[in-house]
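Each remark here refers to the structure printed beneath this line.
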Amino acid sequence: LATVFQFAQPQSMADTSNTAAQASAKGDMCLPAAKVAAKNTKASSDKPKFVGWIRLARAVWTLWVPFFRDSTTRLKAWALLSCTIALIISHVWAVLQISVQVKNMTNALHHNEAEAFWSAIKGLTCISVGIAPLMFAHKVTAGALTLEWRRSLTKTLFVRYIDSNQAFYRLKMQNADIDNPDQRIAQDVAEFTKTTVFLLEHFTQDIGTVVTSTWAVYMISSSACLVMLAFSMLYTLIMLKGFASPLMRIQRRVLGLEADLRYILMRLRENAESIAFFQGAHVERDLSEFFLLRVLRALYTKLYVESGYHCFQGFMMHTSHFATFIPLAHLYFNGELTFGAMSQAHLLFMQIERSMFDFTKHLDHIAGLGAQALRVIELWEAVEGYDREHHHAQKENEDGSTDAGETCADEFDIEGQFGTAASGDEEELDGNVHVIDLPASSNERLIVSS
421 LATVFQFAQP QSMADTSNTA AQASAKGDMC LPAAKVAAKN TKASSDKPKF
471 VGWIRLARAV WTLWVPFFRD STTRLKAWAL LSCTIALIIS HVWAVLQISV
521 QVKNMTNALH HNEAEAFWSA IKGLTCISVG IAPLMFAHKV TAGALTLEWR
571 RSLTKTLFVR YIDSNQAFYR LKMQNADIDN PDQRIAQDVA EFTKTTVFLL
621 EHFTQDIGTV VTSTWAVYMI SSSACLVMLA FSMLYTLIML KGFASPLMRI
671 QRRVLGLEAD LRYILMRLRE NAESIAFFQG AHVERDLSEF FLLRVLRALY
721 TKLYVESGYH CFQGFMMHTS HFATFIPLAH LYFNGELTFG AMSQAHLLFM
771 QIERSMFDFT KHLDHIAGLG AQALRVIELW EAVEGYDREH HHAQKENEDG
821 STDAGETCAD EFDIEGQFGT AASGDEEELD GNVHVIDLPA SSNERLIVSS
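The sequence shown begins at 421 in our numbering and counts up by one.
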């Protein structure tokens with residue numbers, strides 16, 4: 421009976437623990453339980469889809485737009501986003517003013533002017549004190565934007581996942597490749613919104629810093645500005661193309677495999693009585709170790725890619741400390757550039773480098789965002805499809821109900837009078853319960869109880 425039941429039921433991660441427990445009752449004549457379960461389980465984490473930049477942008481846009489279009493959330497959403505961007509721009513402007521005061525302070529030291537030096541120190545102090553409340557307000561508004569977006573996105577998923585369409589049931593039976601919907605709603609949505617807003621604020625600040633600092637360096641020396649920009653853009657392109665894309669795919673695989681391992685342990689706890697009855701403890705241990713091995717293999721692959729990334733990043737960062745003076749040295753030696761202007765240009769270039777590095781410094785966040793966005797968008801599109809089917813069916817029923825005395829081909833009543841699509845397939849069980857096979861295209865069976 422266990423063998424018949426195993427082949428009669430669709431295989432998914434939810435059946436793995438029971439299958440392993442039943443396999444343990446067959447003795448040593450069967451394959452190792454871990455291999456049996458691995459063959460019967462078609463987890464979506466085995467071959468994750470390629471996460472490209474276009475696919476990532478489309479997923480983020482799909483999940484971002486409803487928050488700003490819905491009549492109940494758009495006012496709050498636009499207000500929080502506008503305040504966050506305004507505070508970021510204010511912070512960038514303050515940093516640019518700091519570079520100007522640093523130039524004045526350095527020139528004062530070089531020319532031994534005490535009054536100018538203390539004036540520059542006073543300006544630096546005032547700017548530093550003013551930046552503190554800006555940073556506090558920036559973090560508060562960005563955090564509120566994250567939490568409100570998560571609230572809106574999660575409530576929308578609740579409405580579509582837990583509703584009369586029975587999406588929570590249909591996902592298990594019809595979309596076995598969408599693993600762990602509970603984790604996608606509770607954890608992946610939270611991490612996705614947090615990472616997206618985090619990267620949004622950092623990249624907005626980085627773009628503002630690059631634009632303002634580039635303009636300031638260009639006013640000092642146009643040739644030095646072009647050399648610095650070329651160096652920074654080459655580094656950024658290498659990091660994004662060589663490390664960011666592989667990390668996003670590997671991170672999604674790691675998330676899926678870790679979810680599988682956690683689900684195996686959860687099913688072990690839920691089916692403890694059955695596993696103990698079948699004496700399947702050693703089988704469950706082998707199964708858990710097998711999934712742990714898959715997680716570790718994926719993590720080692722991620723470790724190698726991250727090690728190469730940090731090696732290249734460290735080399736470029738150390739090189740930039742002295743490379744910034746190369747395009748400025750001949751101008752200073754020829755008397756075309758003051759010592760303070762050279763110090764300001766060096767400071768501005770370091771800010772440009774830091775902003776460019778910031779695009780790649782958060783590769784782990786970008787990789788996590790790609791994995792979480794794809795997992796959330798898969799669930800979003802699945803439940804959205806069920807919702808569209810439900811509304812379409814309701815519309816057809818309303819159109820069909822306007823014709824008195826006519827019965828749609830797929831309609832039935834509680835007395836067991838089914839339409840023409842079900843003729844010949846009706847089987848009465850006890851006078852009150854009827855079973856009907858729906859059209860072959862749907863691969864579904866309907867049980868009706870009066």
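Note that CB positions come from ideal geometry on N, CA and C, so glycine has one too.
Under a three-way DSSP split, which group does L764 fall into?
-> In the sequence shown, the residue the question calls residue 764 occupies position 344. A quick correction: the sequence has Gln, not Leu, at residue 764. Looking at Q764 - three-state DSSP - the assignment turns out to be helix.
Would you call A749 buried or exposed, if buried means 16 or more other Cβ atoms sit within 10 Å of its Cβ?
-> Stepping through the sequence shown from its first residue, residue 749 is reached at position 329. With fewer than 16 other Cβ atoms inside 10 Å of its own Cβ, A749 counts as exposed.
Can you tell me the Cα-Cα spacing of P486 and T566, whole angstroms?
-> Counted from its first residue, the sequence shown places residue 486 at position 66. Counted from its first residue, the sequence shown places residue 566 at position 146. So the two alpha carbons sit approximately 14 Å from each other.
Beta strand (DSSP E) runs wholly inside the segment 651-731, at least 3 long, in chain order = Scanning the segment 651-731 for uninterrupted beta strand (DSSP E) segments of 3 residues or longer gives nothing; none is fully contained.
Proximity winner among F769, C546, I509, E611, relative to F742 (alpha-carbon distances) | For the purposes of this step, residue 742 is taken as residue 322 along the sequence shown, with counting starting at 1. Minimum Cα distance to F742 is reached at F769.
Let me know the secondary structure DSSP gives Q586 once reduced to three states.
-> As a working mapping, residue 586 is identified with position 166 in the sequence shown. In the structure shown, Q586 sits in coil (DSSP, three-state: anything other than H, G, I, E or B).
For L516 and H558, believed in contact at Cβ under 8 Å, the rounded distance | Here residue 558 refers to the residue found at position 138 of the sequence shown. Here residue 516 refers to the residue found at position 96 of the sequence shown. Rounded, the Cβ-Cβ distance is 17 Å, inconsistent with contact.
Counting pairs of beta carbons, one from the segment 790-799 and one from the segment 608-624, are three or more of them closer than 8 Å?
-> Using a Cβ-Cβ distance cut-off of 8 Å, the segment 790-799 and the segment 608-624 are in contact, since at least three pairs of beta carbons, one from each stretch, lie closer than that value.
Determine the burial state of T492: buried for a count of at least 16 other Cβ atoms within 10 Å of its Cβ, exposed for fewer.
-> Indexing the sequence shown from 1 puts residue 492 at position 72. Residue environment: T492 is assigned as exposed (fewer than 16 neighbouring CB atoms within 10 Å of its CB, all protein chains considered).
Check the C-beta distance from I670 over to A718 and give it rounded, since I have them as a contact under 8 Å.
-> The residue given as residue 670 occupies position 250 in the sequence shown. The residue given as residue 718 occupies position 298 in the sequence shown. Yes, I670 and A718 are in contact; Cβ-Cβ is about 7 Å, under 8 Å.
Using a Cβ-Cβ cut-off of 7 Å (strictly less than) and excluding sequence neighbours within five positions of S652, which residues of its own chain qualify?
-> As a first step, residue 652 is located in the sequence shown; it is residue number 232 there, counting from the start. Contacts found: I772, E773, M776.
Straight-line CA distance for W874 to P747?
-> This structure cannot speak to residue 874, because the chain is shown only from 421 to 870.
Touching or not, the segment 685-692 and the segment 750-760, by the rule of three or more beta carbon pairs under 8 Å?
-> Taking a cut-off of 8 Å for Cβ pairs, the segment 685-692 and the segment 750-760 do not touch, as fewer than three such pairs fall below it.
Please confirm whether A765 and V637 have their CB atoms less than 8 Å apart.
-> Position 345 of the sequence shown, counted from the first residue, corresponds to residue 765. Position 217 of the sequence shown, counted from the first residue, corresponds to residue 637. In this structure, A765 sits near V637, with a CB-CB distance shorter than 8 Å.
Whole-angstrom distance between R672 and L660, CA atom to CA atom | Counting from one through the sequence shown, the residue named residue 660 turns up at place 240. Counting from one through the sequence shown, the residue named residue 672 turns up at place 252. The alpha-carbon atoms of L660 and R672 are separated by roughly 17 Å.
Excluding sequence positions up to five away, which residues of its chain have a Cβ less than 7 Å from the Cβ of A824?
-> Mapped onto the sequence shown, residue 824 falls at position 404. Interpretation of A824 is limited by its pLDDT of 43, a score under 50 that renders its predicted location unreliable; no figure is taken from the coordinates.
Buried or exposed: where does A644 fall if 16 or more other Cβ atoms within 10 Å of its Cβ makes it buried?
-> Counting from 1 along the sequence shown, the entry for residue 644 is found at position 224. Buried: at least 16 other Cβ atoms inside 10 Å.
Using alpha carbons as the reference points, say which of Y589, S510, N532, N600 lies closest to V553.
-> Numbered from 1 along the sequence shown, position 133 holds the residue referred to as residue 553. First, the residue type needs correcting, since residue 553 is Pro and not Val in the sequence shown. Across the set Y589, S510, N532, N600, the C-alpha of S510 shows the shortest separation from the C-alpha of P553.
Can you find at least 3 beta carbon pairs, one from the segment 716-732 and one from the segment 674-687, that sit closer than 8 Å?
-> In this structure the segment 716-732 touches the segment 674-687; the number of beta carbon pairs closer than 8 Å is three or more.
Is the beta carbon of V803 less than 8 Å from the beta carbon of R580?
-> Here the question's residue 803 lines up with position 383 in the sequence shown. Here the question's residue 580 lines up with position 160 in the sequence shown. Contact check for V803 against R580 passes: the beta carbons are separated by less than 8 Å.
Looking at the structure shown, is G805 part of a helix, part of a strand, or coil, going by DSSP?
-> As a first step, residue 805 must be located in the sequence shown, where it is residue number 385. The three-state secondary structure of G805, taken from DSSP, is helix.
Does DSSP put D599 in a helix, a strand or coil?
-> Locating residue 599 in the sequence shown gives position 179, counting from the first residue. Coil, per DSSP.
Determine the DSSP secondary structure at S510, reduced to helix, strand or coil.
-> The sequence position of residue 510 within the sequence shown is 90, counting from 1. Note: S510 maps to helix in three-state DSSP.
Return the Cβ separation of A540 and N524 in integer angstroms, given the expectation that the two are a contact with Cβ distance under 8 Å.
-> As a working note, residue 540 is residue 120 in the sequence shown. As a working note, residue 524 is residue 104 in the sequence shown. That pair is a contact at about 4 Å.
With DSSP collapsed to three states, give me the class of D626.
-> The sequence position of residue 626 within the sequence shown is 206, counting from 1. In the structure shown, D626 sits in a helix (DSSP, three-state: H, G or I).
Determine the contact status of I797 and M668, defining contact as a CB-CB distance below 8 Å.
-> Taking the sequence shown and counting its residues from 1, the one referred to as residue 797 is at position 377. Taking the sequence shown and counting its residues from 1, the one referred to as residue 668 is at position 248. Contact annotation: I797 and M668 have beta-carbon atoms that are not nearer than 8 Å.
Enclosing alpha helix (DSSP H) for R571 [first to last residue] | For the purposes of this step, residue 571 is taken as residue 151 along the sequence shown, with counting starting at 1. Where R571 is concerned, the enclosing alpha helix (DSSP H) stretches over 534-581.
So, using beta-carbon positions, are K504 and T576 closer together than 8 Å?
-> The count along the sequence shown starts at 1 and reaches residue 504 at position 84. The count along the sequence shown starts at 1 and reaches residue 576 at position 156. In the sequence as presented, Lys is not what sits at residue 504; that position holds Thr. It is not a contact, given that the beta carbons lie outside the stated cut-off.
Taking the alpha-carbon positions, what's the F578 to F588 distance?
-> Looking up residue 578 in the sequence shown gives position 158. Looking up residue 588 in the sequence shown gives position 168. Looking at the backbone, the Cα of F578 and that of F588 are separated by about 10 Å.
Thinking C-beta only, is Q625 closer than 8 Å to V512?
-> Against the sequence shown, residue 512 aligns to sequence position 92. Against the sequence shown, residue 625 aligns to sequence position 205. Cβ distance < 8 Å, so V512 and Q625 count as in contact.
Where does L646 sit, in a helix, a strand or coil, going by DSSP?
-> Taking the sequence shown and counting its residues from 1, the one referred to as residue 646 is at position 226. Helix.
Do L500 and A564 come within 8 Å of each other at the CB atom, strictly closer than that value?
-> One-based indexing of the sequence shown puts residue 564 at position 144. One-based indexing of the sequence shown puts residue 500 at position 80. A contact, by the Cβ cut-off of 8 Å.
First and last residue of the alpha helix (DSSP H) that includes L748?
-> Counting from 1 along the sequence shown, the entry for residue 748 is found at position 328. 746-753 is the span of the alpha helix (DSSP H), which, as asked, contains L748.
What is the DSSP secondary structure of E773, reduced to helix, strand or coil?
-> Here residue 773 refers to the residue found at position 353 of the sequence shown. Three-state result, E773: helix.
By the 10 Å Cβ neighbour count, where 16 or more other Cβ atoms means buried, how is D602 classified, buried or exposed?
-> For the purposes of this step, residue 602 is taken as residue 182 along the sequence shown, with counting starting at 1. Counting Cβ neighbours within 10 Å, D602 comes out exposed, since fewer than 16 surround it.
Is the beta carbon of F711 less than 8 Å from the beta carbon of I684?
-> The count along the sequence shown starts at 1 and reaches residue 711 at position 291. The count along the sequence shown starts at 1 and reaches residue 684 at position 264. Against a cut-off of 8 Å, the Cβ pair of I684 and F711 comes out as a contact.
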